[in-house]
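Everything on this sheet refers to the single structure shown next.
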Amino acid sequence: MPHWRSVRPFGQVALPNAFLFFCQIRIMPIYRIQIASLLPVLAILAGCTSKSPTPKPTENISNKAAKEVLSQMRTVYRNAKSYVDNSTVIASSVERTKGVENEFPYQDLSIAFERPNKLSILYSGAVEGLSEKTVYKIACNGEIVRSFANEVPLQIHETIAPETLTTENFLPEPALRADLLQVSLENILPQLAMLLTEDPEQPIFSNSSQHKLLREKELDGNTCYRVQSKSPEGNRVLWISKDDCILRRMEIPIDNQSDILDAEDRFLKFSIWIDFRNITLDSTMDASSFELAVPTGGRRVRRFIAPPPEVPENADTETLTEHRRLVAEYERAISAATIKDSILNIEFSRPQAGPEKLPKLWKLEQLWQTSSRVVSQPGNVLLVNNANQILVLDGGQSIVEFDIQGNLVDRHELPIHEVQKGGILRTSVDSQGQPWYLASGVGWQQVYLFDESWQNILTFPEKKHSGIGDVYLGDRAEKNNPTFLVGYWGGLGIQGGTFDGRRLWANRSMDHVLQITSGPPDIKGETTIWCTSTRGTILVLTAEGKTSHELYIEDQALMAVARNPKKDSHCGLAIKSSGWYSAVGFSEDGLKQWEYPLPPGEYVTQAPRIQRADFPDGTLGWLLCAANGSLHWLDHEGHLVDRFDYDQLITGVAMGTVPDGTLLLISTDQHLTAWLVQL
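For the sequence shown, position 143 (counting from the first letter as 1) is numbered 142 according to numbering that gives the first Met the number 0, and the numbering increases by one without interruption.
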């Protein structure tokens, strides 16, 4: 008899019959195991690269006419101000033993869309072996996006809406997105793909070729063009009404998958299509169409949390103990994931810096201060090159270089862009000792990479998106394949790229990325990456961008983290509620070790919240920058060592060892100031 935890847990389903494969992959619930037998089929539906035969001259005429119909359809959807429909995925089959055609409506979907950023999606699908349908709902009212899955009926995922919906950001909850989009968007919601794809030159069906017009047919009172396109999976046929160029039916290409879909050779005929009904364009939409209420007794969450499995009857002591542990783990996770305040219209005033109060234990001496003529809007600051070089962002437009005596060395202009303040700087050294510099910022559109000669060798990415959350360069980039990471807002997750602009990988397991930093080596000694997001957890990635695991810190929602490899010590910035933050120490298994409350206030600058720092006595500890402009130095047990209340809000801070002591660099909107810190 299997152990109780090996019985099908929450979210795992029995596989339907093979002939319903296309439909069944659409409704595999959020929390599921990997099933090896599905992998080859997923690869097929994901698309293959294959050369199509050269069309005959007589085929070119039909191809041209078909392309014109497709172009007119694209124009209708791209120009639509709003759109509403209901669609059904239908499987039709004729069994050899019966000879009767059966149609089975397998999935129902409805969408409502209004430009630029309002959307509602309702998905309902059946799974063989389960009595209840799987139901997903997504609603974006232009301000927030909410998501629902009936497997976690009392949880509503909530996040801030993007300014413009795209095919990349319309579904922000990572687990739900991974489930609904196991096949490409155009194979399940082609109308949404056409509505959200801005570039008219970007193909909707990327693997399709040899378009031709088939004989016109009637469908629900509409005379339809029928455009057939070849793909690696088979022939796709689009039924497009002649009078308005609206997509009414799409026949799914499955011709070349019969050995997988009908492995037992049960069927004489088998096909799958999607019917689109009750279509309305450019109507006035009621605001309630884009709302999703929190159910009675429910909660808003940063991420969906799977409940523990039910304990079996007559469970033994070991099983009960394990079940209690799982319940406690679930309660901690759901508590940390719960959103307690409104994520919009947060009532807080710009934090006010108080009067300057120097540290009590340490002695501070001001060494120098920049003038507005040299740096007009100081931002993020770095102390690099063995504390011999200082870099500071100026108004988000240039990087100003100083020596440690405060002498201006050079000014390096960023490529022209719209941002006029803020930003973040990163630097790294490759295995040959060559430095690299990277500039970007929270909400920026691009990353700017410079070599040791300050040549801008890369501007990345090219396409518009919802905004950058953080960027990362490794401590020592590999010479032959140096890489950088970019974390995004709006569901794009994290992308890894090379310095020549090639995208190596993407991991979309997060919504709004907040921070990317180096993590501890794994059990094999391999590099890991720690990522924080609005989920409030630490997502641990491998160097290849694959998800290793997600680290939950008990009863905490982390916005930023730092670690000290020498002490095997970790510190995070946790948000309690709007404007209330604290520093927390934690172990690698997620246990909270200590907590230090910070002065209240909401952050309004891009200064680093938390970093590892060299103390004047030669030890290492934590440097916390509070929203009100105060600096807090903590030891590794969370005890306050000293505090510096600055008289201005801080836009950048860095600290490092120099021959005469410890150098502290502080940026504000007005100055970059260097302080010597001594015992």
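For glycine and all other residues, C-beta sits at the position ideal for the given N, C-alpha and C.
Pick helix, strand or coil for Glu549, following the three-state DSSP scheme.
What you label residue 549 is simply residue 550 of the sequence shown in a count that begins at 1. Residue state, collapsed to three classes: strand.
If you compare alpha carbons, which of Glu197, Gln106, Ala174 is closest to Asn78?
The sequence position of residue 78 within the sequence shown is 79, counting from 1. Of the residues Glu197, Gln106, Ala174, the one whose Cα lies closest to the Cα of Asn78 is Glu197.
Residues bridged to Asn101 by DSSP?
Along the sequence shown, read from residue 1 onward, the residue named residue 101 stands at position 102. The partner list for Asn101 (beta bridge, DSSP) reads Ser92.
Contact under 7 Å by Cβ, Thr87 with Asp274
By 1-based counting over the sequence shown, the position of residue 87 is 88. By 1-based counting over the sequence shown, the position of residue 274 is 275. In contact: Thr87 and Asp274 (Cβ atoms closer than 7 Å).
So, using beta-carbon positions, are Pro481 and Asp429 closer together than 7 Å?
As a working note, residue 481 is residue 482 in the sequence shown. As a working note, residue 429 is residue 430 in the sequence shown. In this structure, the beta-carbon distance from Pro481 to Asp429 falls below 7 Å.
Does Leu540 pass the burial test, meaning 16 or more other C-beta atoms within 10 Å, or should it be called exposed?
In the sequence shown, counting from the first residue as 1, residue 540 sits at position 541. By the 10 Å Cβ count, Leu540 comes out buried.
Reduced DSSP category for Ser287 - H, G, I as helix; E, B as strand; rest coil:
Locating residue 287 in the sequence shown gives position 288, where the first residue counts as 1. In this structure, Ser287 counts as helix in the three-state DSSP scheme.
Look at the Cβ atom of Leu491, then the Cβ atom of His464, and state whether they are nearer than 7 Å.
Along the sequence shown, read from residue 1 onward, the residue named residue 491 stands at position 492. Along the sequence shown, read from residue 1 onward, the residue named residue 464 stands at position 465. Between Leu491 and His464, the C-beta gap is smaller than 7 Å, which places the two residues in contact.
Would you kindly work out how many angstroms separate the C-alpha atoms of Ala45 and Thr426, rounded to a whole number?
Within the sequence shown, residue 45 is the residue found at index 46, counting from 1. Within the sequence shown, residue 426 is the residue found at index 427, counting from 1. Bear in mind that a pLDDT of 35 at Ala45, under 50, signals an unreliable position, so the number given afterwards is only what the model happens to contain. Each residue's CA atom was taken as its position, placing Ala45 and Thr426 some 37 Å apart.
Are His635 and Gln368 close, meaning C-beta to C-beta below 7 Å?
Taking the sequence shown and counting its residues from 1, one reaches residue 635 at position 636. Taking the sequence shown and counting its residues from 1, one reaches residue 368 at position 369. No. Outside cutoff.
For Gly544 and Phe643, the rounded distance between their alpha carbons:
Residue mapping note: residue 643 aligns to position 644 of the sequence shown, counting from 1. Residue mapping note: residue 544 aligns to position 545 of the sequence shown, counting from 1. Answer to the nearest angstrom: the Cα atoms are 39 Å apart.
Inter-residue spacing [alpha-carbon to alpha-carbon] between Ile528 and Leu366
Reading the sequence shown from its first residue, position 529 is the one you call residue 528. Reading the sequence shown from its first residue, position 367 is the one you call residue 366. Taking the straight line from one Cα to the other gives about 37 Å.
CB-CB length for Val250 against Ser270, believed under 8 Å
The residue you call residue 250 lines up with position 251 of the sequence shown. The residue you call residue 270 lines up with position 271 of the sequence shown. It is Glu, not Val, that sits at residue 250 in the sequence shown. That pair is a contact at about 7 Å.
Gly524 versus Ile609 - alpha carbon distance:
If you number the sequence shown from 1, residue 524 lands on position 525. If you number the sequence shown from 1, residue 609 lands on position 610. Taking the Cα positions, Gly524 is about 26 Å away from Ile609.
Hey, out of Asn506, Arg114, Tyr602, whose CA is closest to His548's CA?
One-based indexing of the sequence shown puts residue 548 at position 549. Per the C-alpha coordinates, the member of Asn506, Arg114, Tyr602 positioned closest to His548 is Asn506.
Under the assumption that Gly651 contacts Pro358 (Cβ atoms under 8 Å), give the Cβ distance between them as a whole number of angstroms.
Counted from its first residue, the sequence shown places residue 651 at position 652. Counted from its first residue, the sequence shown places residue 358 at position 359. About 19 Å separates the CB atoms of Gly651 and Pro358; that is not less than 8 Å, and the two are not in contact.
If you drop the 5 nearest sequence neighbours on each side, which residues of the same chain put their C-beta closer than 7 Å to that of Ala673?
Working through the sequence shown from its first residue, we reach residue 673 at position 674. Correct list, in chain order: Leu366, Trp367, Gly405, Leu662, Leu664.
Among Ala336, Leu390, Glu172, whose alpha-carbon lies nearest the alpha-carbon of Ala438?
Residue mapping note: residue 438 aligns to position 439 of the sequence shown, counting from 1. Closest by alpha carbon: Leu390.
For Val446, which three-state DSSP category applies?
One-based indexing of the sequence shown puts residue 446 at position 447. It is a strand residue.
Among Ile143, Thr166, Phe459, which residue has its Cα nearest to the Cα of His416?
Locating residue 416 in the sequence shown gives position 417, counting from the first residue. Here the closest residue by C-alpha is Phe459.
Pick from Gly432, Leu407, Ser397 that is closest to Lys420, judged by C-alpha positions:
By 1-based counting over the sequence shown, the position of residue 420 is 421. Taking only the C-alpha atoms, the option nearest Lys420 is Ser397.
Hey, is the region 108-127 in contact with the region 157-170, meaning 3+ C-beta pairs nearer than 8 Å?
Contact holds: three or more Cβ-Cβ distances are below 8 Å.
Tell whether a beta-carbon distance below 7 Å holds between Thr656 and Asp613.
Start at 1 with the first residue of the sequence shown, and residue 656 comes out as number 657. Start at 1 with the first residue of the sequence shown, and residue 613 comes out as number 614. Taking 7 Å as the Cβ cut-off, Thr656 and Asp613 qualify as a contacting pair.
Rounded distance between the beta-carbons of Arg301 and Leu153, thought under 8 Å
Residue numbering aside, residue 153 sits at position 154 when the sequence shown is read from its first letter. Residue numbering aside, residue 301 sits at position 302 when the sequence shown is read from its first letter. 15 Å between Cβ atoms; not a contact.
Are the CB atoms of Leu392 and Asn384 within a distance shorter than 7 Å?
Your numbering for residue 384 matches position 385 in the sequence shown. Your numbering for residue 392 matches position 393 in the sequence shown. No; because the gap between Cβ atoms is not below 7 Å, this pair is not in contact.
Hey, is the region 129-144 in contact with the region 201-220, meaning 3+ C-beta pairs nearer than 8 Å?
Flag = no, the region 129-144 and the region 201-220 do not touch.
According to DSSP, simplified to helix, strand and coil, what is Ser334?
Stepping through the sequence shown from its first residue, residue 334 is reached at position 335. Three-state DSSP puts Ser334 in a helix.
Reducing DSSP to helix, strand and coil, say where Gln256 ends up.
As a position in the sequence shown, residue 256 is number 257, starting the count at 1. Here Gln256 sits in helix by DSSP.
Suppose you measure from the CA of Gly486 to the CA of Ser91; what does that come to, to the nearest Å?
In the sequence shown, the residue the question calls residue 486 occupies position 487. In the sequence shown, the residue the question calls residue 91 occupies position 92. Distance between the alpha carbons of Gly486 and Ser91 is about 43 Å.
Nearest neighbour of Lys216, chosen from Thr318, Val236, Val134 [CA to CA]:
Numbered from 1 along the sequence shown, position 217 holds the residue referred to as residue 216. The residue from Thr318, Val236, Val134 with its alpha-carbon nearest to that of Lys216 is Val236.
Who are the Cβ neighbours of Gln555 in its own chain at under 6 Å, not counting the five residues just before and after it?
Translated into the one-based positions of the sequence shown, residue 555 becomes position 556. If you ignore the 5 residues before and after Gln555, its C-beta comes within less than 6 Å of the C-beta of Ala335, Ala573, Val583, all in its own chain and listed in chain order.
Out of Glu162, Leu108, Gln647, which has the shortest C-alpha to C-alpha gap to Ile137?
On the sequence shown, residue 137 is found 138 positions in, with the first residue counted as 1. By alpha-carbon distance to Ile137, the top candidate from Glu162, Leu108, Gln647 is Leu108.
Simplified DSSP state of Tyr645, which is helix, strand or coil:
Taking the first residue of the sequence shown as position 1, residue 645 is located at position 646. In the structure shown, Tyr645 sits in coil (DSSP, three-state: anything other than H, G, I, E or B).
Mind checking who Phe498 pairs with in its DSSP beta bridge?
In the sequence shown, the residue the question calls residue 498 occupies position 499. Phe498 is not bridged to any residue.
Taking only three categories from DSSP, how would you classify Tyr76?
By one-based count along the sequence shown, residue 76 stands at place 77. In the structure shown, Tyr76 falls within a helical segment according to DSSP collapsed to helix, strand and coil.
Would Glu412 be called buried (16 or more neighbouring beta carbons within 10 Å of its own) or exposed?
Against the sequence shown, residue 412 aligns to sequence position 413. It counts as exposed.
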